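Read the structure below first, then the notes.
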Amino acid sequence: MSYTFKPDQMYRMPTHFGPSTGPRRGPEGRTFLCKDNPKSTAIQVSFLSNGKQLEALLPPGFKLHGDPVVTVFGVYMKEIEWLAGRGYNVLGVTIPAKFTGDKETAVGPFLTVLWENLADPIITGREELGF
């Protein structure tokens, strides 16, 4: 006999492991208010670079937008309620870009790479946010 999905429950792959908890749904459906947490420290540095070299990093449909500025950022987070008070860190690199599609355009920082040091936020971000 196959399993059935429980209504009002959140699942991640593989779904046959059953309902899951995470940052958007705690045990017994509890939500995390995040009023006093997490605490974080963010640092970033930007520098002027070579436009042709940066454009080589962009996929089709994207162009460098504005000055060829590379931004490297790091965020140290702690006291994250859904991680049982633990924390994690991220380090990313962005460049200014413009996407031109068939119908729409978008301008903003293009995230060339993102490093995260803990599996829980990586998996939940991918599964729940597509990020």
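Per the numbering used here, the very first residue in the sequence shown carries number 4; after that it's consecutive.
A virtual CB, placed ideally from N, CA and C, is assigned to each residue, including glycine.
In this text the structure is predicted, and so the values were computed from the model without any measurement.
- Contact annotation: G111 and A122 have beta-carbon atoms that are not nearer than 9 Å.
- Per DSSP, reduced to three states, the secondary structure at L57 is helical.
- Secondary structure in the segment 78-121: the beta strand (DSSP E) runs of 3 residues or longer, each lying completely within the stretch, are 91-103, 108-119 in chain order.
- Note: G25 is bridge-paired with R28 in the DSSP secondary-structure output.
- Minimum Cα-Cα distance from C37 among the listed residues A87, I83, V116 corresponds to I83.
- Contact check between the segment 49-65 and the segment 88-95: fewer than three CB pairs, one atom from each, fall below 8 Å, which does not count as touching.
- In the structure shown, T7 adopts coil according to DSSP, grouped into three states.
- In the DSSP assignment, L67 falls within the beta strand (DSSP E) that extends over 65-67.
- Taking C-beta separations shorter than 7 Å and ignoring five residues to either side along the sequence, the partners of N40 in its chain run E82, I83, E84, following chain order.
- Taking a contact to require three or more Cβ pairs closer than 8 Å, the segment 64-76 and the segment 42-53 qualify as touching.
- Excluding five sequence positions before and after V96, the CB atoms of its chain that fall closer than 6 Å to its own CB belong to V75, T115, V116, given in chain order.
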